[in-house]
Amino acid sequence: MKRLVIGLTGPMGGGKSAAAEAFAQLGATVVDADALAHEVLEKDSDTVVVVKSIAGENAYDASGKPDREAIAKAAFSNPEKLSKLEAVVHPAVEKLWRAAAAQAAKQGKVCVVEIPLLFEKKLEKNFDICVNVSCSEVLRKKRLALRGLSPEQISERDAFQLPPAEKAKRADIVLFNESDRQFLKKQAAMVLSRLTQ
3 MKRLVIGLTG
13 PMGGGKSAAA
23 EAFAQLGATV
33 VDADALAHEV
43 LEKDSDTVVV
53 VKSIAGENAY
63 DASGKPDREA
73 IAKAAFSNPE
83 KLSKLEAVVH
93 PAVEKLWRAA
103 AAQAAKQGKV
113 CVVEIPLLFE
123 KKLEKNFDIC
133 VNVSCSEVLR
143 KKRLALRGLS
153 PEQISERDAF
163 QLPPAEKAKR
173 ADIVLFNESD
183 RQFLKKQAAM
193 VLSRLTQ
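Counting in this note's numbering, the final residue of the sequence shown is number 199, and the numbers go up one at a time with none missing.
This is the structure:
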């Protein structure tokens, strides 16, 4: 396989995690940018200093675990604080996924990086290909309701993202997650087959 780094995105409830799992089953190295961000919040010393300046000392418990809800509340209440936090978290996360991509390349694997706000944060140029996972709005909202989100919470969170149709428009490839996971996996296999020939 030639070196290939895929940016994987999509709207909340669209099926990013299911697609990431499909790519992993097909042999790709899959990296979850949100999981890396959690790691950075806890272990990156520069980030810890900035977080405490934004959210206070209580942003971490006695064992050093971050209170992500308190951090999010403090950051999202103030655009300046959010920018300050992103300025330290995003480069640290990028460093980690780039290291994972380099390791994947050494092993002859494709690296898939799952990033919910790929287009919103203008990160698409960091990837060889951008893949968006889509489904109908009815199904998307049904899935989110099953996760316990109210229509108001869905609207609140959607406000931070581009509309699903715009995400699909900006992507190089769109996967449809409308039926079962096997169909999604077939689409992922087709993507890998075509991109690595």
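C-beta atoms are modelled at their ideal positions from N, C-alpha and C, and glycine is treated no differently. In this text the structure is predicted, and so the values were computed from the model without any measurement.
Cα-Cα separation, residue i to residue j
| i | j | result |
| --- | --- | --- |
| P68 | A74 | 11 Å |
| G58 | K83 | 12 Å |
| F185 | N179 | 8 Å |
| D174 | E126 | 10 Å |
| V33 | E139 | 26 Å |
| L148 | G16 | 13 Å |
| D160 | E41 | 24 Å |
Among the options, the one whose alpha carbon lies nearest that of residue i
| i | options | result |
| --- | --- | --- |
| I8 | G15, T31, R159, Q27 | T31 |
| D215 | L151, M192, C137 | Look at the range of the chain in this structure, 3 to 199, and you will see that residue 215 is not part of it. |
| V50 | P81, R145, L87, T198 | L87 |
| M14 | A107, A72, D36 | D36 |
Secondary structure of residue i, DSSP reduced to three states
| i | result |
| --- | --- |
| I117 | coil |
| L164 | coil |
| L125 | coil |
| S136 | strand |
| L177 | strand |
Where the alpha helix (DSSP H) containing residue i begins and where it ends
| i | result |
| --- | --- |
| S19 | 18-27 |
| D2 | Residue 2 cannot be examined here, being either before or after the span of the chain that is shown, 3 to 199. |
Beta-carbon proximity list for residue i, same chain, < 6 Å, skipping 5 on both sides
| i | result |
| --- | --- |
| D130 | L6, V7 |
Own chain residues within Cβ distance below 7 Å of residue i, not counting five before or after
| i | result |
| --- | --- |
| Q39 | For clarity, residue 39 is Ala in the given sequence; the question names Gln instead. Around A39: V91, V95. |
Residue range of the beta strand (DSSP E) that includes residue i
| i | result |
| --- | --- |
| L10 | 7-11 |
| V218 | Since the displayed the chain opens at 3 and closes at 199, residue 218 lies outside it and no answer follows. |
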